[in-house]
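Report on one structure; see the data block that follows.
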Amino acid sequence: MWQTRKAWLKDWAAPVPEGLHTPLQTAEFEARQVGAPVSFTVDKAAGESYTIGQAGDGWQITGGEAGVLYGVYALAHGLKTGKIPQGRQAPFYALRMINAWDNMDGTVERGYAGRSMWFEGGAFSYDPARIRQLGRLLASVGINTLCVNNVNVHQPAQHLVDTLLPDLAAFAELLRPFGVRLMISIDFSLPLQYGLPTADPMDAAVAAWWADRARAVWQAIPDLAGFLVKADSEHRPGPNAYGRTHAEGANMLARAIAPYGGVLVWRAFVYNCMQDWRDTKTDRPCAAYDLYRPLDGQFDGNVILQVKHGPFDFQVREPLSPLLLGMKNTAMDIEFQLAQEYTGHQIDLYAMPPMWREVFDQMGKERVRAIAAVSNLGRDENWVGHPFAMLNLFAYGRFAWNPDEDAEDVIRQWVKMTYDMCPDDENSLMKLLLNSRTVYEKYTAPLGLCWMVRPGDHYGPSPYGYEFDAWGTYNRASRDAVGIDRTEKGTGYAAQYPAELKALYEDPAQCPDEMLLFFHRLPYDHIMRDGRTLIQRIYDDHFEGCEETERMRDALAALSLPEPDRTEVMERMEMQIANAREWRDIVNTFFHRFSGVDDAQGRKIFE
Ligand code: GCW
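For what it's worth, the numbering used here labels the leading residue of the sequence shown as 465, then goes sequentially.
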């Protein structure tokens, strides 16, 4: 049988027994492992919040039904890290979601940790003990909602709203004692599969059909959180086919589920994926703002517009999506991707907290009403493929609860809770993780240029792989220059930002280096703020990034990591070094061939 053997769950390795039905029962069970007496007072009105106090030689936790469970995990974590939360603790976002991209055939779209934990062969198929462990895993970092199926809804997942409802309900029951509610992704055109001639959202029969489905769904799972929809995006059906707006499409569904308290999460990841690369006017990052900004204020109260944090698609470096700053009258949530699709496939190290800190600092936590992240979990024994990839799930939970978290502090907490190491080792691992994103960024796509990955699987370099394709993903590198002018003189993208940011991005002398080629098309001899030329900076970053991966290996080898983590980590580190070399050599050769400029330091660039 599968067992938890590490992560911060290492103290919680005992199986979770059957027969727990409520978060309070789970809290009482978990409390037995704290090592001191814990008593609970449940005050329903307190919801997810809790307070931890000392009581004699033990502890007293007061909170709402889910709150006491969060409280017991916080207590256990606090005993381990030396930081027990003081005063009343409440989550900043009420809806803290994981979006699984699990398909019912058992595959996971962009999954790097094995097959689905709950689907196989077109059906629900799981080890209940592991699903209970999953509940504990999610609850222990405060995640309260799990969308179980891929936003690309393939058959038979369409039947989650009818014949699969009993199975879905049984699955929901397993996670309920952990305060985790389910959500499902639905296909906008579903009525067509059921004999209706149209899926037009303004058609009364369509609306009635959805209302009827919603009734059946919530009858089976009264606490279902809602529906998640990817519509008119990457060939998915949507309201556009009927000449309707996304507000009309979303509101029709929202009204069907409103009587049951359901939320309709509508993804804003919409762009022309059939672009002609010859067309230099259309600019994919503009797409979402152009589409949704005019609809601001038109969405019903239970619609949440889910916006990816950047305007492209989870690239190594992107500016904040301007939609997140521009929609003032629409409830939104921000979507992150824990699955490392463009950030190293859970082979290369890429700790996300520094990125999230930047996002929240720029956006302001109040701009969104909820938070979602694409899952990095799978059937692998260690859940996430790379033992350190667990940090991202842990940290996501922390930021979802409190978006004011400090990146370094969260990483340090995870290290402390995961490994028993001496303070020097703890520090060294924390620093390595904190820096891992910068290293990855250096050896991959330079200065905010996106899409230099291998098409399809998105691992490894292919600087021109997406250049003559239909996805709106171009760097337009030539003999003289590289990048796309997204200022007002160019595609106009920068104008989607508030004035101050627009001014910053429009001016190459002020634009942050890491975003320079996202906003500007520049010649290779452009002088950067530090005096280096653009081409030299590209070479330097690639050589340095690659050298840094070798230093990371040495630092990791010196740590007292337990097995099997040590072996897994070191094996993946070798793969990361090989990947970094490939990136370095291909990207440097690519730009050397175009520019004809040699490296000022005479390092090896292949012909
Ligand atoms: O980046 C793309 C991924 C697709 C994904 C899509 C999305 C689920 O490559 O695999 O589809 O984003 O977010 O909808």
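Positions of the beta carbon are idealized from the N, C-alpha and C atoms, including for glycine. Values in this document were obtained by computation on a predicted structure and should not be read as measured data.
### Task
Starting from N563, trace the beta strand (DSSP E) both ways and give me its first and last residue.
L559 to N563
### Message
So G761 and T709 are supposed to be a Cβ contact under 8 Å. How far apart are they, rounded?
### Response
Actually they do not touch by this definition, with Cβ atoms about 12 Å apart.
### Query
Does the Cβ of P630 have 16 or more other Cβ atoms within 10 Å, making it buried, or fewer, making it exposed?
exposed
### Query
K906: buried (16+ other C-beta within 10 angstroms of its C-beta) or exposed?
buried
### Query
R645 lies in the beta strand (DSSP E); which residues open and close that run?
R645 to I650
### Message
What does the Cβ neighbour count give for D696, buried or exposed, with the cut at 16 atoms within 10 Å?
### Response
buried
### Nearest candidate by alpha-carbon position, reference G520, set P501, E512, P987 and A530
P501
### Buried or exposed by the 16-neighbour rule on C-beta atoms within 10 Å, applied to E799
Its Cβ being crowded by 16 or more others within 10 Å, E799 is buried.
### Task
With a cut-off of 8 Å on the beta carbons, I'd call A577 and G849 a contact; round off their distance for me.
Contact holds; Cβ gap of about 4 Å.
### Task
Could you say which of V1061, N563, S503 and D1029 lies nearest to N846 if we only look at CA atoms?
D1029
### Message
Going by the DSSP bridge assignment, what does V729 pair with across the sheet?
### Response
L692 and I768
### Message
Can you give me the C-alpha to C-alpha distance between W915 and L788, rounded to a whole angstrom?
### Response
So the two alpha carbons sit approximately 22 Å from each other.
### Complete runs of the beta strand (DSSP E) confined to the segment 494–546 [at least 3 residues]
502–506, 514–519 and 522–527
#### Entry: DSSP state of L755 mapped onto helix, strand, coil
helix
### Query
Going by the CB atoms, is the gap between V644 and L660 shorter than 8 Å?
no
### Query
Can you tell me whether G1009 is buried or exposed, with buried defined as 16 or more other CB within 10 angstroms of its CB?
The residue is buried, with at least 16 neighbouring Cβ atoms inside 10 Å.
### Message
Looking at ligand 1, does it come within less than 7 Å of V572, judged from the CB to the closest heavy atom?
### Response
Because no heavy atom of ligand 1 lies under 7 Å away, the Cβ of V572 does not count as near it: no.
### Query
Excluding the five sequence neighbours on either side, which residues of its own chain have a C-beta within less than 7 Å of the C-beta of Y753, listed in chain order?
P786, L787, G790 and Q960
### Task
Leaving aside the five residues before and after C886 along the sequence, list all residues of the same chain whose C-beta is less than 8 Å from its C-beta, in chain order.
S1024
### Query
Mind checking F691: buried by the 16 CB within 10 Å criterion, or exposed?
The residue is buried, with at least 16 neighbouring Cβ atoms inside 10 Å.
### Query
Looking at the unbroken beta strand (DSSP E) that takes in E799, where does it start and where does it end?
M796 to Q801
### Message
ligand 1 and E698: does the residue's C-beta get closer than 7 Å to at least one heavy atom of that ligand?
### Response
yes
### Task
Using 10 angstroms around the beta-carbon of P962, count the other beta-carbons present and answer buried if the total reaches 16, otherwise exposed.
exposed
### Task
Give every residue of the same chain whose Cβ lies closer than 6 Å to the Cβ of K470, excluding the five residues on either side of it in the sequence, and list them in chain order.
Only weak support is given to the placement of K470: the predicted model assigns it a pLDDT of 42, under 50, and the question is left unresolved by the model.
### Query
Taking Cβ positions, are F583 and N567 nearer each other than 8 Å?
yes
### Query
Is N614 near ligand 1, in the sense that its beta carbon is under 7 Å from a heavy atom of that ligand?
Within the cutoff, so yes.
### Query
Can you name the start and end residues of the alpha helix (DSSP H) that T609 belongs to?
First-last for T609: T609 to C611, but that is the beta strand (DSSP E), not the alpha helix (DSSP H).
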